[in-house]
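To keep things clear, I will list the structure first and then write my remarks on it.
Residue numbers (the working numbering), protein chains in the order written: chain A, 31 to 311; chain B, 1141 to 1574.
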């Protein structure tokens, strides 16, 4: 039930590179430059984090970024203005928590948020604290305004739950590489392969996230069967270093662009090695 | 169409089931409740739901007998229902005190902690985690974990650690690890978020003992069922001692476990008025600009939203960001409340009231110097309400003394010193001022 052509297109030609940054981290203007740098670095889809004060699915790296953004005055309306002002080729997805979506409706449920997101050029939503069982009202609103609703499949998701989720997902499925919260890791979990195997029978792009921080990780994940990679904490770390070291916006943007290029190229190498394997077989 | 309009008749029927059964099958209380958690936790939630149904509701393997036996032998149940003679005289009303402060550990919290740690044991879990605000839940969990020989880690906001040092010491004495949480303002809501993160990583061998009737289903019903022993006893004791039911039942409300435990067996007695006393802090006004509610009165001042796994009433700003709450009592200092309590307030079955910090401190001193019982600052709010509203109540009132105040003495001294509390002891001759 794909809604957004933009997300379909992002996964159509080779592996998709899906970076994440918190909008407004550390401030609105720098954040605009950073997101545009991801686009120049080869992003196919950009996940824009709209900060919530109680982000229970995030690790410390992203949580601190959310706090920086909130302290700098980020709100849902400023977030939508930000998305409208962006000059990027990549498709845009909003990642946030359900209370913000719900509260935006002022008693009318999630529809007003989705309507505003669509007007701002957002093509999909990821809501980490909204399981498929509670998602009907949001799913209906997304269908009405042509947005994709992207679900996260955990290493522990199996059986009926997996079927229910895959019946509701569109755009791409976010494959959580390992248990726990978000955060860059030194290695890539074995749980990824098992998760991709379980999803093999479902006809929707599989993007793997949680723990990917280098081109080498990206290569291995894509070689292992992923249709895309999602990278958050490693990029947010670059922004955090910029804050800690008082770097210029241009310097941080350059670093983000360079890391993006490395990740995108790693994903492409993984894709070549996978298709090469298929050809030789 | 509004989202609430899309709710089915079936959900409404579920919500209207008899008090002690409500929410057991689907975790919904009208439009409140549910399971809003990261996907990684859903299998653990399903496993826990299954275990709750088997062991708690169906008493598989004699779970409930063992729970009751341990509550009696280790916990010291039943706790008395005591007539408060001086307060009865003062208010010209029969006042009875349900003495949960006499439970092992000094608060009602043990009922739930013991139930959940025992359940974790039956489920084959190897590790316990919990979060704590005032430290009462952490202390109870640490005691239950030591009693049942389970390793235990407790998350506690740094600010609360500084406010509640004796409880931190007690947790460590019982062999638990106490991890300070420094994010946000370092209070209970940040500690809950941090515990959920730990759980997301360790979910396969770890059980998270949530300390109140909050969180995703089945926690709100399960915690209520473990705490319902308070009202089960109180109801029987009231009939036995007085020949009938009370006219009013009063309990303080933070997250709501003590409240629902005290109300559960009275909910179907429609002639018994139920009063949930929230922490009114310094004022019920909120400072939206600063993101601060100088109170913890979610039932009174909160709005519907989704936090920590459930749809309920929350202290939040117009964007949906959760506000920092405040109370003189760190045990009530939480920006949300249990979904069942939110539902019962909407249904007008429970009367939500708020008592400010000053009145709570007066209640603290009054119970201490009239009845010889030093209450927890949480409990003191209920006595603040009694002082202000006794003329509105019937002739036989039960107040739950949810916990004892030893843990709060430092805070009580500090807070009393900042105010002119009429019935506070004069310490000036001993220390040159408090």
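Note that the Cβ used here is the ideal one computed from N, Cα and C, for glycine as well. Predicted model, so just to flag it, every value in this text is computed and none were measured.
7 Å Cβ cutoff, residue i in contact with chain A
| i | result |
| --- | --- |
| residue 1483 of chain B | no |
| residue 1433 of chain B | no |
| residue 1174 of chain B | yes |
| residue 1552 of chain B | no |
| residue 1418 of chain B | no |
| residue 1355 of chain B | no |
| residue 1445 of chain B | yes |
| residue 1183 of chain B | yes |
| residue 1191 of chain B | no |
| residue 1581 of chain B | Absent from the structure is residue 1581 of chain B, since the part of chain B shown begins at 1141 and ends at 1574. |
| residue 1179 of chain B | yes |
Closest by C-alpha distance to residue i, when choosing among the options
| i | options | result |
| --- | --- | --- |
| residue 100 of chain A | B/1288, B/1206 and B/1460 | B/1460 |
| residue 1532 of chain B | B/1413, B/1490 and B/1506 | B/1413 |
| residue 194 of chain A | A/262, A/232 and A/109 | A/232 |
| residue 150 of chain A | A/159, A/122, A/105 and A/158 | A/122 |
| residue 1591 of chain B | B/1419, B/1456 and B/1407 | Chain B is shown from 1141 up to 1574; residue 1591 of chain B falls before or after that span and cannot be answered. |
| residue 1450 of chain B | B/1187, B/1471 and B/1479 | B/1479 |
| residue 1317 of chain B | B/1299, B/1495, B/1279 and B/1344 | B/1279 |
| residue 254 of chain A | A/132, A/190, A/69 and A/296 | A/296 |
| residue 88 of chain A | A/300, A/289 and A/206 | A/206 |
| residue 26 of chain A | B/1347, B/1538, B/1529 and B/1179 | Because residue 26 of chain A is not part of the residues shown, which for chain A are 31 to 311, the question remains open. |
| residue 147 of chain A | A/171, A/189, A/137 and A/164 | A/171 |
| residue 1239 of chain B | B/1550, B/1516, B/1549 and B/1569 | B/1516 |
| residue 1330 of chain B | B/1357, B/1305 and B/1294 | B/1294 |
| residue 1416 of chain B | B/1448, B/1234, B/1529 and B/1270 | B/1529 |
| residue 1372 of chain B | B/1346, B/1406, B/1381 and B/1354 | B/1406 |
| residue 1453 of chain B | B/1323, B/1540, B/1492 and B/1350 | B/1492 |
Continuous beta strand (DSSP E) stretch holding residue i: start and end
| i | result |
| --- | --- |
| residue 1452 of chain B | 1449–1454 |
| residue 1272 of chain B | 1267–1272 |
| residue 1317 of chain B | 1317–1321 |
| residue 206 of chain A | 203–206 |
| residue 260 of chain A | 258–261 |
| residue 1246 of chain B | No beta strand (DSSP E) holds residue 1246 of chain B; DSSP gives it neither H nor E. |
| residue 1513 of chain B | Premise fails: residue 1513 of chain B is in no beta strand (DSSP E) and is neither H nor E. |
| residue 1346 of chain B | 1346–1349 |
| residue 108 of chain A | Not the beta strand (DSSP E): residue 108 of chain A falls in the alpha helix (DSSP H), residues 106–115. |
| residue 1540 of chain B | 1536–1541 |
Span of the alpha helix (DSSP H) around residue i
| i | result |
| --- | --- |
| residue 4 of chain A | Any question about residue 4 of chain A goes unanswered here, given that chain A covers just 31 to 311. |
| residue 1256 of chain B | 1249–1263 |
| residue 1370 of chain B | 1369–1382 |
| residue 1301 of chain B | 1298–1303 |
| residue 1591 of chain B | Residue numbering for chain B in the displayed model covers 1141 to 1574; residue 1591 of chain B lies beyond these limits and cannot be assessed. |
Beta carbon proximity, residue i to chain B, threshold 7 Å
| i | result |
| --- | --- |
| residue 84 of chain A | yes |
| residue 295 of chain A | no |
| residue 158 of chain A | yes |
| residue 274 of chain A | no |
| residue 105 of chain A | yes |
| residue 210 of chain A | yes |
| residue 235 of chain A | no |
| residue 174 of chain A | no |
Three-state class that DSSP yields for residue i in the structure shown
| i | result |
| --- | --- |
| residue 1466 of chain B | coil |
| residue 1562 of chain B | coil |
| residue 242 of chain A | coil |
| residue 274 of chain A | helix |
| residue 142 of chain A | helix |
| residue 1421 of chain B | strand |
| residue 1238 of chain B | strand |
| residue 96 of chain A | helix |
| residue 82 of chain A | coil |
| residue 251 of chain A | helix |
| residue 295 of chain A | helix |
| residue 1196 of chain B | helix |
| residue 1357 of chain B | coil |
Task: Interface residues of the segment 1296–1324 of chain B facing chain A [CB-CB below 7 Å] - done: 1323
Open item on the list: Against chain B, which members of the segment 34–66 of chain A pass a CB distance test of less than 7 Å?
Closed with: none
- [ ] Could you run through the segment 183–208 of chain A and flag, in chain order, every residue whose CB is less than 7 Å away from some CB of chain B?
- [x] From the segment 183–208 of chain A, only 183, 184, 186, 187, 191 and 206 have a Cβ closer than 7 Å to chain B.
- [ ] Identify each residue in the segment 1456–1470 of chain B for which the Cβ-Cβ distance to at least one residue of chain A is less than 8 Å, and report them in chain order.
- [x] 1456, 1458, 1459, 1460, 1461 and 1462
Task: Cβ-based contacts, 7 Å cut-off: residues of the segment 1331–1347 of chain B near chain A - done: 1333, 1336, 1337, 1340, 1341 and 1343
Open item on the list: Which residues of the segment 218–233 of chain A have a Cβ closer than 9 Å to any Cβ of chain B? Give them in chain order.
Closed with: none
Task: Where the segment 127–155 of chain A meets chain D: residues whose CB sits under 9 Å from a CB there - done: The chain inventory of the structure shown lacks chain D, comprising the protein chains A and B.
Task: Near-chain B residues of the segment 78–103 of chain A (beta-carbon distance less than 9 Å), N- to C-terminal order - done: Of all residues in the segment 78–103 of chain A, the ones placed with a Cβ closer than 9 Å to any Cβ belonging to chain B are 81, 82, 83, 84, 85, 86, 87, 88, 89, 90, 93, 94, 97 and 100, in chain order.
- [ ] Note down, in chain order, all residues in the segment 1477–1507 of chain B with a beta-carbon under 7 Å from any beta-carbon belonging to chain A.
- [x] Close to chain A, meaning a Cβ-Cβ distance shorter than 7 Å, is no residue of the segment 1477–1507 of chain B at all.
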